[in-house]
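Structure, as structure tokens:
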Amino acid sequence: MSKKPTLNKCNRDKELFWYLDAENNKRWLYRHRYYDVLGKRREKKQQGFTSESSAYRALCEVRAKLVTGNSIEVEHENMRVAEWVDIWFESNKGSWRKNTIKQRASMIRDQFKPLLGKYKLSSLDKETYKRQFIQMLLKDYKPSTVRLFHRVFKVAINAAVDNEIISRNRFTKVVVKDDDREDDITVLTKQELKTVLEYVKKNETLTINVLFHFLAYTGCRRGEAFGLQWRDLDFDNNQVIFERQRNKNEVGPLKTKNSYRTIDIDPLLIAMLKKYRTWCKQLMLEDGRKLNDDEDFVFVSYQTREPFADNSLFYAFERVKARSGITAPFTPHVFRHTHATLLLLSAKVDVTVVADRLGNTPKVVWETYAHVLDEAKKEVVEIFGEAVKF
Numbered sequence: 003m004s005k006k007p008t009l010n011k012c013n014r015d016k017e018l019f020w021y022l023d024a025e026n027n028k029r030w031l032y033r034h035r036y037y038d039v040l041g042k043r044r045e046k047k048q049q050g051f052t053s054e055s056s057a058y059r060a061l062c063e064v065r066a067k068l069v070t071g072n073s074i075e076v077e078h079e080n081m082r083v084a085e086w087v088d089i090w091f092e093s094n095k096g097s098w099r100k101n102t103i104k105q106r107a108s109m110i111r112d113q114f115k116p117l118l119g120k121y122k123l124s125s126l127d128k129e130t131y132k133r134q135f136i137q138m139l140l141k142d143y144k145p146s147t148v149r150l151f152h153r154v155f156k157v158a159i160n161a162a163v164d165n166e167i168i169s170r171n172r173f174t175k176v177v178v179k180d181d182d183r184e185d186d187i188t189v190l191t192k193q194e195l196k197t198v199l200e201y202v203k204k205n206e207t208l209t210i211n212v213l214f215h216f217l218a219y220t221g222c223r224r225g226e227a228f229g230l231q232w233r234d235l236d237f238d239n240n241q242v243i244f245e246r247q248r249n250k251n252e253v254g255p256l257k258t259k260n261s262y263r264t265i266d267i268d269p270l271l272i273a274m275l276k277k278y279r280t281w282c283k284q285l286m287l288e289d290g291r292k293l294n295d296d297e298d299f300v301f302v303s304y305q306t307r308e309p310f311a312d313n314s315l316f317y318a319f320e321r322v323k324a325r326s327g328i329t330a331p332f333t334p335h336v337f338r339h340t341h342a343t344l345l346l347l348s349a350k351v352d353v354t355v356v357a358d359r360l361g362n363t364p365k366v367v368w369e370t371y372a373h374v375l376d377e378a379k380k381e382v383v384e385i386f387g388e389a390v391k392f
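According to the working numbering, the sequence shown is numbered sequentially starting from 3.
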């Protein structure tokens, strides 16, 4: 058993000491006694400093934090990232949806802990974070996926700030660069969109036909379409109300507060939905029950009479892509990007209006469709030039 080193007081401060380590090197430490918020006497100490000045600076920092009421931050100064993300997860999972719990548990297990778990929460700096987390993740994941990991980690760090464990979030301005960001936003041309919608109208089931048109004409998220109930459709005013989402048969709240919205929809889509509602009524009658506007979901499977499922939509998109002749990557979110792009570029609709329609903030629209907006700016110059020609 190793012998504890003898501590010798320093003249500079009564809470500073020097000692000789196991290799007979001179080192310094501080021991600061204080009372916490409950009046309990505590001691904060740290050793291993290679100079008296560095130990004294650290002691002064601790004293300053305590003077400003940051005793919690001082007490948790040695907490590791791995320990905090576990506390954050257990404290908040009760308010998260099942999918969110599963996603964040996976991130903590597979990304946060392996790459950052050993670092002290209070001393993890921006450059280390970028080098050991962001850059390491970019070796194995697409930038869009790394941005998701980065966003969730910032949520966990913000919670540490809220709980006064650390003073600030050092990673808010870290940007995951992506030279091919524009390629992440796949958009159909007008002709490709027309080709897809004409194909499903002629070759797919009524549910697929109406669902594809609904996604294209509203720009809504897949989960928002799946969560739609008949009471959310206002046939008199040509409007649809989004107030829930359904993913993997789990019904829950929408993604953000901006996602709760009412939007106008095209009369053509209204006519399709009315026809589809009549078909759904007949489908329900075959099962010996009536359509319930307050409970029944809009999009249902013809085979099972159950709410339309994620895997059915996935196979539908794969099938339509293979048979319609389009070559662009094709997922439900492509309709959302296409909807936004056509409004911003072709129709010259204001960013705020597009944001309201998509259930986003203008900031998100600016960031997501920056290349589209840049193109629109160039067109404005051309339009003005044409207007003043004599």
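Where a beta carbon is used, it is the ideal one built from N, C-alpha and C, also for glycine.
Query raised in the report: Taking only runs of the beta strand (DSSP E) that begin and end inside the stretch 242-287, which ones reach a length of at least 3 residues, in chain order?
Result: 247-249, 252-254 and 263-266
Query - DSSP state of Val-177 mapped onto helix, strand, coil - result: Your numbering for residue 177 matches position 175 in the sequence shown. Of the three classes helix, strand and coil, the one that applies to Val-177 here is coil, per DSSP.
Query raised in the report: What are the boundary residues of the beta strand (DSSP E) that Trp-20 is part of?
Result: In the sequence shown, the residue the question calls residue 20 occupies position 18. Start and end: 18-22.
Report task. Would you kindly work out how many angstroms separate the C-alpha atoms of Leu-199 and Glu-92, rounded to a whole number? Result -> In the sequence shown, residue 199 corresponds to position 197, counting from 1. In the sequence shown, residue 92 corresponds to position 90, counting from 1. For Leu-199 and Glu-92, the distance between alpha carbons rounds to 46 Å.
Query - Neighbour-count burial assignment, Gln-137, 16 or more Cβ in a 10 Å radius - result: If you number the sequence shown from 1, residue 137 lands on position 135. Taking all protein chains in view, the Cβ of Gln-137 is surrounded by fewer than 16 other Cβ atoms within 10 Å, so the residue is classified as exposed.
Report task. Give the straight-line distance between the Cα atoms of Ala-162 and Asp-127, rounded to the nearest whole angstrom. Result -> Against the sequence shown, residue 162 aligns to sequence position 160. Against the sequence shown, residue 127 aligns to sequence position 125. C-alpha of Ala-162 to C-alpha of Asp-127: approximately 15 Å in a straight line.
Requested in this report: For Asp-296, I'd like the list of residues in its chain whose CB is within less than 6 Å of its CB, leaving aside the five on either flank, ordered along the chain.
Outcome: Within the sequence shown, numbered from 1, the residue matching residue 296 stands at position 294. Same-chain partners within the cutoff: Arg-233.
**Report entry** Separation of Arg-248 from Met-286, as counted between CA atoms
**Finding:** Residue mapping note: residue 286 aligns to position 284 of the sequence shown, counting from 1. Residue mapping note: residue 248 aligns to position 246 of the sequence shown, counting from 1. Distance between the alpha carbons of Met-286 and Arg-248 is about 21 Å.
Query - Which of helix, strand or coil DSSP assigns to Lys-350 - result: Residue mapping note: residue 350 aligns to position 348 of the sequence shown, counting from 1. The three-state secondary structure of Lys-350, taken from DSSP, is coil.
Query raised in the report: Given Leu-18, which residues of its chain have a CB within under 8 Å of its CB, disregarding the five upstream and five downstream residues?
Result: The residue you call residue 18 lines up with position 16 of the sequence shown. Around Leu-18: Lys-11, Cys-12, Trp-30, Leu-31, Tyr-32, Glu-54, Ala-57, Tyr-58 and Leu-61.
Query raised in the report: For Val-302, which beta-bridge partners are listed by DSSP?
Result: Counting from one through the sequence shown, the residue named residue 302 turns up at place 300. DSSP output for Val-302 lists Pro-309 as bridge partner(s).
Query raised in the report: Rounded to a whole number of angstroms, what is the C-alpha to C-alpha distance between Ala-66 and Tyr-262?
Result: In the sequence shown, residue 66 corresponds to position 64, counting from 1. In the sequence shown, residue 262 corresponds to position 260, counting from 1. Going from the Cα of Ala-66 to the Cα of Tyr-262 covers about 45 Å.
Query raised in the report: Just to confirm, are Thr-264 and Gln-241 a CB contact at a threshold of 7 Å?
Result: Along the sequence shown, read from residue 1 onward, the residue named residue 264 stands at position 262. Along the sequence shown, read from residue 1 onward, the residue named residue 241 stands at position 239. Taking 7 Å as the Cβ cut-off, Thr-264 and Gln-241 qualify as a contacting pair.
Report task. Could you spell out the range, first to last residue, of the alpha helix (DSSP H) harbouring Tyr-131? Result -> As a working mapping, residue 131 is identified with position 129 in the sequence shown. Tyr-131 -> alpha helix (DSSP H) spans 128-131.
Requested in this report: Under the assumption that Phe-151 contacts Leu-139 (Cβ atoms under 8 Å), give the Cβ distance between them as a whole number of angstroms.
Outcome: Reading the sequence shown from its first residue, position 149 is the one you call residue 151. Reading the sequence shown from its first residue, position 137 is the one you call residue 139. Indeed they touch by this definition, with Cβ atoms about 6 Å apart.
Requested in this report: Kindly list the residues whose CB is nearer than 7 Å to the CB of Thr-363, restricted to its own chain and excluding five residues on each side of it in sequence; keep chain order.
Outcome: By one-based count along the sequence shown, residue 363 stands at place 361. Excluding positions up to five away in sequence, the list reads Asn-260 and Ala-357.
**Report entry** Exposed unless 16 or more other CB atoms sit within 10 angstroms - verdict on Tyr-304
**Finding:** One-based indexing of the sequence shown puts residue 304 at position 302. Tyr-304 comes out exposed.
**Report entry** Proximal residues to Asn-43 (C-beta, below 7 Å), its chain only, five neighbours per side dropped
**Finding:** Start at 1 with the first residue of the sequence shown, and residue 43 comes out as number 41. This sequence places Arg at residue 43; Asn is not what is there. Correct list, in chain order: Arg-35 and Tyr-37.
Query raised in the report: When DSSP labels each residue in this structure, what does Leu-235 get in the three-state scheme?
Result: Working through the sequence shown from its first residue, we reach residue 235 at position 233. Three-state result, Leu-235: strand.
Query raised in the report: Roughly how many angstroms lie between the CA atoms of Asp-164 and Arg-172, to the nearest whole one?
Result: Translated into the one-based positions of the sequence shown, residue 164 becomes position 162. Translated into the one-based positions of the sequence shown, residue 172 becomes position 170. The alpha-carbon atoms of Asp-164 and Arg-172 are separated by roughly 14 Å.
Query raised in the report: In terms of residues, what are the limits of the beta strand (DSSP E) holding Gln-193?
Result: Residue numbering aside, residue 193 sits at position 191 when the sequence shown is read from its first letter. Where Gln-193 is concerned, there is no enclosing beta strand (DSSP E), although the alpha helix (DSSP H) it sits in stretches over 192-205.
Report task. Grab the span of the alpha helix (DSSP H) containing Trp-86 for me, first residue to last. Result -> Residue numbering aside, residue 86 sits at position 84 when the sequence shown is read from its first letter. Unbroken alpha helix (DSSP H) run through Trp-86: 83-94.
Query - Supposed contact pair Lys-132 and Ala-84 - C-beta distance, whole angstroms, cut 8 Å - result: Position 82 of the sequence shown holds residue 84. Position 130 of the sequence shown holds residue 132. Actually they do not touch by this definition, with Cβ atoms about 19 Å apart.
Query raised in the report: Under the rule that 16 or more other beta-carbon atoms within 10 Å means buried, what is Tyr-371, buried or exposed?
Result: Here the question's residue 371 lines up with position 369 in the sequence shown. Tyr-371 is buried by the Cβ-count criterion.
Query raised in the report: In angstroms, rounded to a whole number, what distance separates the CA positions of Arg-325 and Lys-179?
Result: Within the sequence shown, residue 325 is the residue found at index 323, counting from 1. Within the sequence shown, residue 179 is the residue found at index 177, counting from 1. The alpha-carbon atoms of Arg-325 and Lys-179 are separated by roughly 36 Å.
Query - Pick from Ile-167, Gly-229, Leu-270 and Ile-210 that is closest to Leu-256, judged by C-alpha positions - result: On the sequence shown, position 254 is the one that residue 256 refers to. Selected option, being the one with the closest Cα: Gly-229.
Report task. Could you check which residue in Pro-334, Arg-246 and Arg-149 has the C-alpha nearest to that of Phe-216? Result -> In the sequence shown, residue 216 corresponds to position 214, counting from 1. Checked all of Pro-334, Arg-246 and Arg-149; the closest Cα to Phe-216 is Pro-334.
Query raised in the report: From which residue to which residue does the beta strand (DSSP E) around Gly-50 run?
Result: The residue you call residue 50 lines up with position 48 of the sequence shown. That run of the beta strand (DSSP E) goes 43-51.
**Report entry** Cα-Cα separation between Asn-94 and Gln-48, rounded to whole angstroms
**Finding:** For the purposes of this step, residue 94 is taken as the residue at position 92 of the sequence shown. For the purposes of this step, residue 48 is taken as the residue at position 46 of the sequence shown. Asn-94 and Gln-48: Cα-Cα distance of roughly 32 Å.
Requested in this report: Under the assumption that Arg-82 contacts Gly-119 (Cβ atoms under 8 Å), give the Cβ distance between them as a whole number of angstroms.
Outcome: Counting from one through the sequence shown, the residue named residue 82 turns up at place 80. Counting from one through the sequence shown, the residue named residue 119 turns up at place 117. With a Cβ gap of about 6 Å, Arg-82 and Gly-119 count as contacting.
Query raised in the report: At which residues does the alpha helix (DSSP H) containing Arg-338 begin and terminate?
Result: The residue given as residue 338 occupies position 336 in the sequence shown. Per DSSP, Arg-338 belongs to the alpha helix (DSSP H) from 334-343.
Query - Alpha-carbon to alpha-carbon, Leu-117 and Lys-283 - result: Position 281 of the sequence shown, counted from the first residue, corresponds to residue 283. Position 115 of the sequence shown, counted from the first residue, corresponds to residue 117. Each residue's alpha carbon lies about 54 Å from the other.
Query raised in the report: Exposed or buried, Leu-345, counting other C-beta atoms within 10 Å across all chains shown (16 or more means buried)?
Result: In the sequence shown, counting from the first residue as 1, residue 345 sits at position 343. Per the 10 Å Cβ criterion, buried.
Query raised in the report: Quick one: what's got a C-beta closer than 6 Å to Ala-218's C-beta in the same chain, skipping five residues either side?
Result: For the purposes of this step, residue 218 is taken as residue 216 along the sequence shown, with counting starting at 1. Contacts found: Phe-337.
Report task. Ignore the nearest five residues each way along the sequence and tell me which others in Val-353's own chain have a CB closer than 8 Å to its CB. Result -> As a working mapping, residue 353 is identified with position 351 in the sequence shown. If we look at Val-353 and ignore the five residues flanking it on each side, its Cβ neighbours are Leu-346, Pro-364, Val-367, Trp-368 and Leu-375.
Query raised in the report: For Val-189, which residues of its own chain have a beta-carbon under 6 Å away from its beta-carbon, when the five flanking residues on both sides are left out?
Result: The residue labelled residue 189 in the question sits at position 187 within the sequence shown. Contacts found: His-339, Thr-340 and Thr-343.
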